[in-house]
Amino acid sequence: MLTPRRGSMLVPDLAYGHLPRHRLDLTLPPMPGPETPLVVFFHGGGWETGSRKDYAFLARTLAVRGIAVAVPDYRLWPEARWPDFVEDAALAMHWLRTAPLVPRGPVYAMGHSAGGFLAASLALDPLWGVQPTLAGGILLAAPIWWQPDYEPIISIFAKAPGGLIQATPDRATLAGAPPMLLLHGLADTVVGPFHTRELTAALQAVGRPVRSQLYEDVGHIGIMAALAAPLRTIGLAAAPVYRAVLDFVGIEAG
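All residue numbers for the sequence shown refer to the numbering used here, where the first residue is 641 and numbers rise by one.
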């Protein structure tokens, strides 16, 4: 059911699979067309917590500028561990390509923190079958290559090669990556900005287009808060994340 909201339309609780967490909310701009871009945003929460419902603000923020936004839930620990949540993310992406009401314009995988890892996995590793369908990837404070050293992250990634967090275990796959936008706060003490630095260098080394921005005095949550309309309106957003995302998707910030 379409639910009108100020400057956007919400289509809630769409099932992209058969499990309880296989649900997503779709937010459409007021007048979507065949070429309307679609951003698929994956929430953070350390693969333990989080809900699509917490990110309605982001969906509205982008939808009012002419971007369709899908925010999927995915399985979380302890029900799930790697690669369950990546498989869920890939399933949601594939479902969206043929689902009713979804525009058929360019598709971008976007995520923050643990959700940024999901978006990075889809964009950088062809194993999941999503990479060729993407117009780009947008990563906010995303862990890319990391040896987990505390629980439950160690257990969550116990089945991964070497027990490592790796958006792609083979860096040769970066040669097929779509254009990437990497945003990170230099004050981030949860996911260090070295992740963005390393991925930027690796993509540049294989000649892939990448835009990278490190923001002074911005922490792990601050980079998401910068997308919240109230903070931008009253001048409290510490980084121009909103403008960077719109520019990457090809929308004038205005």
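Glycine included, every Cβ here is placed at the ideal spot set by N, Cα and C.
It should be emphasised that the depicted structure is a prediction, and the values quoted were computed from it without experimental measurement.
Does His835 come out as helix, strand or coil in the three-state DSSP assignment? Position 195 of the sequence shown, counted from the start, is the residue given in the question as residue 835. Here His835 sits in helix by DSSP.
Using a Cβ-Cβ cut-off of 6 angstroms (strictly less than) and excluding sequence neighbours within five positions of Trp717, which residues of its own chain qualify? Sequence index remark: in the sequence shown, residue 717 carries index 77 (1-based). Excluding its 5 nearest sequence neighbours in each direction, Trp717 has C-beta neighbours in its own chain below 6 angstroms: Trp687, Glu688, Pro792 and Ile796, listed in chain order.
Between the Cα of Val679 and those of Gly685, Leu659, Ala729 and Glu838, spot the shortest distance and give me the residue it belongs to. Residue 679 sits at position 39 when you count from the first residue of the sequence shown. The shortest C-alpha separation from Val679 is found at Ala729.
Going by Cα to Cα distance, which pick from Asp724, Arg692 and Ala781 is closest to Val651? Here residue 651 is taken as the residue at index 11 of the sequence shown, counted from 1. Closest option to Val651, Cα to Cα, is Arg692.
Please state the DSSP three-state secondary structure of Leu650. The residue labelled residue 650 in the question sits at position 10 within the sequence shown. Leu650 falls in the strand class under three-state DSSP.
Taking its Cβ as the centre, do 16 or more other Cβ atoms sit within 10 Å of Gln806, making it buried, or is it exposed? In the sequence shown, counting from the first residue as 1, residue 806 sits at position 166. By the 10 Å Cβ count, Gln806 comes out buried.
If you draw a straight line from the alpha carbon of Tyr790 to that of Arg721, how long is it in whole angstroms? Mapped onto the sequence shown, residue 790 falls at position 150. Mapped onto the sequence shown, residue 721 falls at position 81. One Cα belongs to Tyr790, the other to Arg721, and the distance between them is close to 15 angstroms.
For Thr836, would you say it is in contact with chain B, using Cβ-to-Cβ distances shorter than 8 angstroms as the test? Reference to chain B is not applicable here, since this structure consists of a single protein chain.
Can you grab the Cα-Cα spacing for the pair Ser816 / Gln844, in whole Å? As a position in the sequence shown, residue 816 is number 176, starting the count at 1. As a position in the sequence shown, residue 844 is number 204, starting the count at 1. Inspection of the sequence shows that residue 816 is occupied by Gly rather than by Ser. Looking at the backbone, the Cα of Gly816 and that of Gln844 are separated by about 12 angstroms.
Between Leu736 and the rest of its own chain, which residues show a CB-CB distance below 6 angstroms, the 5 nearest in sequence each way excluded? Walking along the sequence shown from the start, residue 736 turns up at place 96. Only Ala710 and Val742 meet the Cβ criterion.
Do the CB positions of Ser820 and Val850 come within less than 8 angstroms of each other? By one-based count along the sequence shown, residue 820 stands at place 180. By one-based count along the sequence shown, residue 850 stands at place 210. Reading the sequence as shown, one finds Met at residue 820 and not Ser. Yes, the pair counts as a contact, with Cβ atoms nearer than the cut-off.
Just to confirm the assignment, what range does the alpha helix (DSSP H) spanning Thr701 have? The residue given as residue 701 occupies position 61 in the sequence shown. Note, Thr701: alpha helix (DSSP H), Ala696 to Ala703.
Go ahead and label Pro801 buried or exposed: buried means 16 or more other beta carbons lie within 10 angstroms of its beta carbon, across all protein chains shown. Reading the sequence shown from its first residue, position 161 is the one you call residue 801. Counting Cβ neighbours within 10 Å, Pro801 comes out exposed, since fewer than 16 surround it.
Could you give the residue range of the alpha helix (DSSP H) that holds Met733? Numbered from its first residue, the sequence shown carries residue 733 at position 93. Per DSSP, Met733 belongs to the alpha helix (DSSP H) from Asp724 to Leu736.
Reduced DSSP category for Trp768 - H, G, I as helix; E, B as strand; rest coil: Walking along the sequence shown from the start, residue 768 turns up at place 128. Under the three-state reduction of DSSP, Trp768 is assigned to helix.
Give me the residue from Pro746, Ala739, Gly751 and Pro740 with the minimum Cα distance to Val726. Position 86 of the sequence shown holds residue 726. The shortest C-alpha separation from Val726 is found at Gly751.
Answer yes or no: do Gly684 and Ala754 have a C-beta to C-beta separation smaller than 8 angstroms? The sequence position of residue 684 within the sequence shown is 44, counting from 1. The sequence position of residue 754 within the sequence shown is 114, counting from 1. It is a contact, given that the beta carbons lie within the stated cut-off.
Residue from Pro723, Glu856, Asp887 and Arg715 with nearest C-alpha to His658: For the purposes of this step, residue 658 is taken as the residue at position 18 of the sequence shown. The shortest C-alpha to C-alpha distance from His658 to any of Pro723, Glu856, Asp887 and Arg715 is the one to Arg715.
Pro677 versus Asp828: straight-line alpha-carbon distance, rounded: For the purposes of this step, residue 677 is identified with residue 37 of the sequence shown, where counting begins at 1. For the purposes of this step, residue 828 is identified with residue 188 of the sequence shown, where counting begins at 1. For Pro677 and Asp828, the distance between alpha carbons rounds to 30 angstroms.
Hey, out of Ala884, Thr667, Leu804 and Arg848, whose CA is closest to Met864's CA? For the purposes of this step, residue 864 is identified with residue 224 of the sequence shown, where counting begins at 1. Considering only alpha carbons, the answer is Ala884.
What are the boundary residues of the beta strand (DSSP E) that includes Ser852? Translated into positions along the sequence shown, residue 852 becomes position 212. First-last of the beta strand (DSSP E) with Ser852: Val850 to Tyr855.
In this structure, does DSSP put Ala763 in helix, strand or coil? As a first step, residue 763 is located in the sequence shown; it is residue number 123 there, counting from the start. Note: Ala763 maps to helix in three-state DSSP.
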